[in-house]
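Notes to accompany the following structure.
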Amino acid sequence: MVLAPEEWEAVRLSLAVALRSVAFGLPPAVLAAWLLARGRFPGRALLDALVHLPLVMPPVVVGWLLLVTFGLRGPVGSLLDAWFGVRLVFTTAGASLATAVMSFPLIVRAVRLSLDAVDPGLEAAARTLGAGSLDRFATVTLPLIAPGILSGAITAFAAGLGEFGAVITFASNIPGETQTLPLAIYAATQTPGGEATAARLAAVSLALAVAGLLLADLAGRRLAVALGRPLR
Amino acid sequence: MLEVSLSHRFGGREGFRLDAGFTAPAPGVTAIFGPSGCGKSTLLLAVAGLLRPDEGRVALDGAVLLDSASGVAVPPERRRCGVVFQDARLFPHLSVETNLRYGARRAPQDATGPEFGEVVELLGIGALLGRRPGALSGGERQRVALGRALLSRPRLLLMDEPLAALDAPRRAEVLPFLARVRDRFRLPMLLVTHALDEVDRLADHLVLMEAGRVLAAGTVEALSARTDLPLLVGRRDAGAALACRVLGHEPARELTRLGFAGGELRVPLRAGVAGEAIRVRVRARDVSVALEEPRGLSVQNVLPATLLSVEAAGPHEAMLRLAVGEAVLLSRVTRDAVRRLGLRPGLPVWALVKSAAFGPDGEGG
Chain L
1 MVLAPEEWEA VRLSLAVALR SVAFGLPPAV LAAWLLARGR FPGRALLDAL
51 VHLPLVMPPV VVGWLLLVTF GLRGPVGSLL DAWFGVRLVF TTAGASLATA
101 VMSFPLIVRA VRLSLDAVDP GLEAAARTLG AGSLDRFATV TLPLIAPGIL
151 SGAITAFAAG LGEFGAVITF ASNIPGETQT LPLAIYAATQ TPGGEATAAR
201 LAAVSLALAV AGLLLADLAG RRLAVALGRP LR
Chain A
1001 MLEVSLSHRF GGREGFRLDA GFTAPAPGVT AIFGPSGCGK STLLLAVAGL
1051 LRPDEGRVAL DGAVLLDSAS GVAVPPERRR CGVVFQDARL FPHLSVETNL
1101 RYGARRAPQD ATGPEFGEVV ELLGIGALLG RRPGALSGGE RQRVALGRAL
1151 LSRPRLLLMD EPLAALDAPR RAEVLPFLAR VRDRFRLPML LVTHALDEVD
1201 RLADHLVLME AGRVLAAGTV EALSARTDLP LLVGRRDAGA ALACRVLGHE
1251 PARELTRLGF AGGELRVPLR AGVAGEAIRV RVRARDVSVA LEEPRGLSVQ
1301 NVLPATLLSV EAAGPHEAML RLAVGEAVLL SRVTRDAVRR LGLRPGLPVW
1351 ALVKSAAFGP DGEGG
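Here it is, written out as structure tokens:
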């Protein structure tokens, strides 16, 4: 299958945006999952709801909220612009941010599931052996939840390739800048004679999604074996 | 010396209440014995620091680990209490060797303790070092867990029913290793258990617990000869534990002679060099009494005794306390026997103990 240069550009941009969204979203997502699974603090239920909001809200609303917050006149966006000269609206970074917010709950859920499966007794044992809290997390908890983190990251990556509503609302549809695969497909369907382009990009999109899911499953299994846990 | 005094309430006013205190010699093995749900494991968790009691004090040889009155609560990672859990809790993603070294790496520089090679050799786990915990049997796991706790250079070793999750053959496999650890390393140890044979094999001191309270504490020998402790007396394997020394062997008769405070006992031939200290439990149901010295008996041990007391034990039986020299034996007989022989305190009798009741090494004490 041969793609036109601008079609390749959309594929490349999609991969870059999804990769960045995962890279920046992963650490806070693991932290949030850990707080939700192990933490006991006031406002835990609120955090839980907040984390899962992108899952149930229309993506366009998420994009709009981002626009209001991170826009040039928004409370955060104006400060970012004034202090660092960083502009998120209508940029690739902005597309990555919108994608990260949308896929955040996916990672949190996967990590939290694997955290719930970690026997707190192991952490207690590490404690009696002299390991402080960071030490325990790094040497016991983190390796044991690695399969969850990996599969969450891959799922988020695959989903991030296809994020549409939040991206187009917050970052707009600029070829080479914010026009990712789904946006390019949408643009193609709106253009007379763009059916072939739409079909090719849709095929690429489908292939990437399937590959991502298979990879997530495989990686999770491999890692579980490497960590000494028998497959169920 | 280890001083423990704890008070903790679970689940509100109606909930379970732990209110227990005892002192234990250090070094030495103290068994905390009681039925399940009596709070003995909770007590151990509080000593380890994994549970913060409402009130309490824990001090080891003067070093305060917990004192709620003065707000001291050393966190578990700095208490240096090695813990062997019932379920081993080995780290599944690390090899046996890395598991073993986990605590050692985190111990203070100036802490002393057994060396890696010594522990591996003592516990017979050299062949397992490269494996993952998932590939170990239950008994091997407990041995590795024991090694891991020992190698963390602990000041105190805590064992929470270390054999309870094992089947009988595995238990028999691991028990001697616990005895070896006790003999080789002069560590204070707390052993939570509900198995009397573990107490007999391992413990010097006994703390009896029931419903969150300490019923009695003392040496194993002293507590086992008391008839006012239903927790012990009510058991089918109740009986006096005797501190003995191996006097010698009679290979021709396939017997070993043991000396105790009340004289000599002949038991089936067992291992042990002359002078070695061992403890045997003379089960009350294996002891009969006679008013006159019997003749022509298969019973090997016929000891002159004085009846100290007669107490009801169960619906149709009685428990006799017999003074044999300096020692005390218990005997469980029917009430009918008590009436027929006219048994009453002060009566001189003969205590009859079958040798075969002691069984082979390690069984039945």
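Chains as they are written, first to last, in the numbering used here: chain L, 1 to 232; chain A, 1001 to 1365. Virtual Cβ for every residue (Gly too), placed ideally from N, Cα, C.
{"Item": "Use the C-beta contact count for residue 119(L): other C-beta atoms within 10 angstroms, 16 or more gives buried, fewer gives exposed.", "Value": "exposed"}
{"Item": "Check distances from the C-beta atoms of the stretch 119 to 140 of chain L to those of chain A and list, in chain order, the residues that come in under 9 angstroms.", "Value": "119, 121, 122, 124, 125, 126, 127, 128, 129, 130, 131, 132, 133, 135, 136, 139, 140"}
{"Item": "8 angstroms is my cut-off, CB to CB: does residue 227(L) come that close to chain A?", "Value": "yes"}
{"Item": "Could you check if residue 1010(A) is buried or exposed, using at least 16 other CB atoms within 10 Å of its CB as the buried criterion?", "Value": "exposed"}
{"Item": "Note the first and the last residue of the continuous beta strand (DSSP E) segment covering residue 1009(A).", "Value": "1002 to 1009"}
{"Item": "Please compile the residues from chain A whose C-beta is within a distance smaller than 8 angstroms of the C-beta of residue 147(L).", "Value": "By Cβ distance, chain A contributes nothing, its closest Cβ being about 10 angstroms from residue 147(L), past 8 angstroms."}
{"Item": "Cβ of residue 113(L) less than 8 angstroms from any chain A Cβ?", "Value": "no"}
{"Item": "Out of curiosity, what's the CA-to-CA distance linking residue 91(L) and residue 104(L)?", "Value": "20 angstroms"}
{"Item": "Jot down the residue ranges of each uninterrupted beta strand (DSSP E) in the stretch 1226 to 1273 of chain A, minimum 3 residues, whole runs only, in chain order.", "Value": "1239 to 1250, 1255 to 1260, 1263 to 1268"}
{"Item": "So, helix, strand or coil for residue 1352(A), using DSSP?", "Value": "strand"}
{"Item": "Hey, is the stretch 131 to 150 of chain L in contact with the stretch 5 to 12 of chain L, meaning 3+ C-beta pairs nearer than 8 angstroms?", "Value": "no"}
{"Item": "Any idea if residue 21(L) is buried or exposed, counting beta-carbon neighbours within 10 angstroms, 16 or more meaning buried?", "Value": "buried"}
{"Item": "So, does the CB of residue 1101(A) fall closer than 8 angstroms to a CB anywhere in chain L?", "Value": "no"}
{"Item": "If residue 1039(A) and residue 1020(A) are in contact, beta carbons under 8 angstroms, what's the gap, nearest whole angstrom?", "Value": "7 angstroms"}
{"Item": "Could you tell me whether the Cβ atoms of residue 111(L) and residue 54(L) are closer together than 8 angstroms?", "Value": "no"}
{"Item": "At which residues does the alpha helix (DSSP H) containing residue 99(L) begin and terminate?", "Value": "92 to 117"}
{"Item": "Any C-beta of chain L within less than 9 angstroms: which residues of the stretch 1040 to 1055 of chain A qualify?", "Value": "1045, 1048, 1049, 1050"}
{"Item": "Have a look at 1169(A), 1109(A), 1121(A) and flag the residue whose alpha-carbon is nearest the alpha-carbon of residue 1137(A).", "Value": "1169(A)"}
{"Item": "Tell me the rounded alpha-carbon separation between residue 1159(A) and residue 1192(A).", "Value": "6 angstroms"}
{"Item": "Going straight from the alpha carbon of residue 1100(A) to that of residue 1198(A), what length do you get?", "Value": "25 angstroms"}
{"Item": "Tell me which residue opens and which closes the alpha helix (DSSP H) that residue 48(L) is part of.", "Value": "44 to 56"}
{"Item": "Is it buried or exposed, residue 1189(A), if we count other Cβ atoms within 10 angstroms and call 16 or more buried?", "Value": "buried"}
{"Item": "Ends of the beta strand (DSSP E) at residue 1082(A)?", "Value": "1081 to 1084"}
{"Item": "DSSP state of residue 1077(A), grouped into three classes?", "Value": "helix"}
{"Item": "Exposed or buried, which one is residue 1276(A) when buried takes at least 16 other CB atoms within 10 Å?", "Value": "exposed"}
{"Item": "Looking at the structure shown, is residue 147(L) part of a helix, part of a strand, or coil, going by DSSP?", "Value": "helix"}
{"Item": "Where are the beta strand (DSSP E) runs, 3 residues long or more, that stay fully inside the stretch 1284 to 1363 of chain A, in chain order?", "Value": "1287 to 1290, 1301 to 1312, 1317 to 1324, 1327 to 1334, 1348 to 1353"}
{"Item": "So, with DSSP's three-state summary, where would you put residue 75(L)?", "Value": "helix"}
{"Item": "Per DSSP, what are the beta-bridge partners of residue 1030(A) in this structure?", "Value": "1190(A), 1205(A)"}
{"Item": "At the 8 angstroms Cβ level, is residue 144(L) part of the contact set with chain A, yes or no?", "Value": "yes"}
{"Item": "Does residue 1125(A) come out as helix, strand or coil in the three-state DSSP assignment?", "Value": "coil"}
{"Item": "Against chain L, does residue 1093(A) count as a neighbour if the rule is that its beta carbon must be under 8 angstroms from one of theirs?", "Value": "yes"}
{"Item": "When you compare the CB positions of residue 125(L) and residue 1089(A), do they come within less than 8 angstroms of one another, or not?", "Value": "yes"}
{"Item": "Check whether chain L comes within 8 angstroms of residue 1083(A), counting only Cβ atoms and requiring the distance to be less than that.", "Value": "yes"}
{"Item": "Can we count residue 1324(A) as close to the ligand COA, meaning its CB is less than 7 angstroms from some heavy atom?", "Value": "No copy of the ligand COA appears in this structure; indeed no ligand is present at all."}
{"Item": "Report the rounded CA-to-CA distance for residue 1104(A) versus residue 1115(A), giving the unit in angstroms.", "Value": "9 angstroms"}
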